[in-house]
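Worksheet: one structure, shown below.
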Amino acid sequence: MTRTLPLIAAFGLFALFANPANAQQGDVAAGKAKAQLCAACHGENGVSQMKLTASLAGQPDEYVQWQLVYFRSGARKSPIMQPSPNR
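Take the sequence shown: its position 45, counting from 1, is numbered 80 in the working numbering, and each next residue is one higher.
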């Protein structure tokens, strides 16, 4: 059975990249809007249709969270996954 990344987890993961001064706690609509950035490459339900782009569906939440931490810290490199001031 494939597990999809819940919206609340997607918002939490995106918050790793977001500017804390702009964060809105508990705003589901804001989380959904921010998750669209992820869905553009990783797929609406976490199943990527893009070559060389990981599918997030079925991955343990902790794995995905740590990968984002590694991208944010620079321990894992990808120009697309690097945090930017606008995220």
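Heads up, the beta-carbon is just placed ideally off N, CA and C, and yes, glycines get one too.
| query | result |
| --- | --- |
| Spatial distance of Gln94 from Glu79 (CA atoms) | 15 angstroms |
| Gln117 versus Ser83: straight-line alpha-carbon distance, rounded | 19 angstroms |
| Distance between Asp62 and His77 (C-alpha atoms, nearest Å) | 22 angstroms |
| 8 angstroms contact criterion, which Ala64 and Gly81 should meet: CB distance rounded | With a Cβ gap of about 20 angstroms, Ala64 and Gly81 do not count as contacting. |
| Whole-angstrom distance between Pro114 and Lys86, CA atom to CA atom | 16 angstroms |
| First through last residue of the alpha helix (DSSP H) which encompasses Leu91 | Run containing Leu91: none; DSSP gives neither H nor E here. |
| Where Gly61 falls: helix, strand or coil (DSSP) | coil |
| Spatial distance of Ser108 from Gln100 (CA atoms) | 12 angstroms |
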